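Chemist: Just dropping this structure here.
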Amino acid sequence: MDVSSRHHLRSDEVRAIEETLADRLGIDIHAEAFELVEFADEDFQIGLIDGEAHVWYPEDGPFLTVSGANTYDPTNHVVTVDTGAISFVSDGADIMRPGITEADPVIEEGDLVIVVEESHGKALAIGTALTNGADMTGSEGKVVKSLHHVGDELFEFSV
-6 MDVSSRHHLR
4 SDEVRAIEET
14 LADRLGIDIH
24 AEAFELVEFA
34 DEDFQIGLID
44 GEAHVWYPED
54 GPFLTVSGAN
64 TYDPTNHVVT
74 VDTGAISFVS
84 DGADIMRPGI
94 TEADPVIEEG
104 DLVIVVEESH
114 GKALAIGTAL
124 TNGADMTGSE
134 GKVVKSLHHV
144 GDELFEFSV
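Mapped onto my numbering, the consecutive letters of the sequence shown carry residue numbers -6 to 152.
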């Protein structure tokens, strides 16, 4: 990932991000410094909160990275997987119904979601819901498309 620019955000821009993440994920972020990093070779940007890559800007606005989700512990848009799914999800696999133990019922098809493991609640991946939250548990079918996961290039990014 080739950084093309990095700059501090104005306080009104930071406030908008904080409000969006609070509404979407039920988290409270307050930072000393908030920077935006743009890449020459990627179609997304990331936000550095006090120097850490915790915010990701895919197509539909700010969302947390996996490390951001592990730092801020979101309560909304969370999908929980059982221990048998951990290695698959950590390797970037899409999430299948049999591995899901719980899903936030407010999730709608197309929403970004945070995939966490059931034992410790640690985030493993960020993905797109392929169905609504109430329909995510069951015996077969893919329900979350993985977009970013533990160990990928975004997870390993540091400045």
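Using N, Cα and C, we set each Cβ at its ideal position, and we do this for glycine too. Remember, it's a predicted structure, so these values are computed and weren't measured experimentally.
Can you tell which of Ile88, Leu117, Asp145 and Glu95 has its C-alpha closest to the C-alpha of lysine 138?
Modeler: Here the question's residue 138 lines up with position 145 in the sequence shown. For lysine 138, the nearest C-alpha among the options comes from Ile88.
Chemist: If you follow the alpha helix (DSSP H) that glutamate 28 is in, where does it begin and where does it stop?
Modeler: Within the sequence shown, numbered from 1, the residue matching residue 28 stands at position 35. That residue, glutamate 28, is in no alpha helix (DSSP H); its beta strand (DSSP E) goes 27 to 32.
Chemist: Does the separation of the CB atoms of valine 82 and valine 74 fall below 8 angstroms?
Modeler: In the sequence shown, residue 82 corresponds to position 89, counting from 1. In the sequence shown, residue 74 corresponds to position 81, counting from 1. Yes, Cβ-Cβ distance for valine 82 and valine 74 is below 8 angstroms.
Chemist: Tell me where the alpha helix (DSSP H) around threonine 130 begins and ends.
Modeler: Counting from 1 along the sequence shown, the entry for residue 130 is found at position 137. Element bounds for threonine 130: n/a, residue is neither H nor E.
Chemist: Which residues bound the alpha helix (DSSP H) around isoleucine 79?
Modeler: Counting from one through the sequence shown, the residue named residue 79 turns up at place 86. Its alpha helix (DSSP H) spans residues 79 to 83.
Chemist: Hey, which unbroken runs of the alpha helix (DSSP H) at 4 residues or more fall wholly within the segment 42 to 111?
Modeler: 59 to 65 and 79 to 83
Chemist: Where does alanine 116 fall in DSSP's three states?
Modeler: In the sequence shown, counting from the first residue as 1, residue 116 sits at position 123. Reduced to three states, the DSSP call for alanine 116 is strand.
Chemist: From which residue to which residue does the alpha helix (DSSP H) around valine 7 run?
Modeler: Locating residue 7 in the sequence shown gives position 14, where the first residue counts as 1. Residues 4 to 18.
Chemist: Please report the residue range of the alpha helix (DSSP H) in which leucine 147 lies.
Modeler: Within the sequence shown, numbered from 1, the residue matching residue 147 stands at position 154. Looking at the DSSP string, the run of the alpha helix (DSSP H) that includes leucine 147 is 146 to 149.
Chemist: What's the C-alpha gap between leucine 57 and threonine 76?
Modeler: Locating residue 57 in the sequence shown gives position 64, counting from the first residue. Locating residue 76 in the sequence shown gives position 83, counting from the first residue. Approximately 23 angstroms, taken between the alpha carbons.
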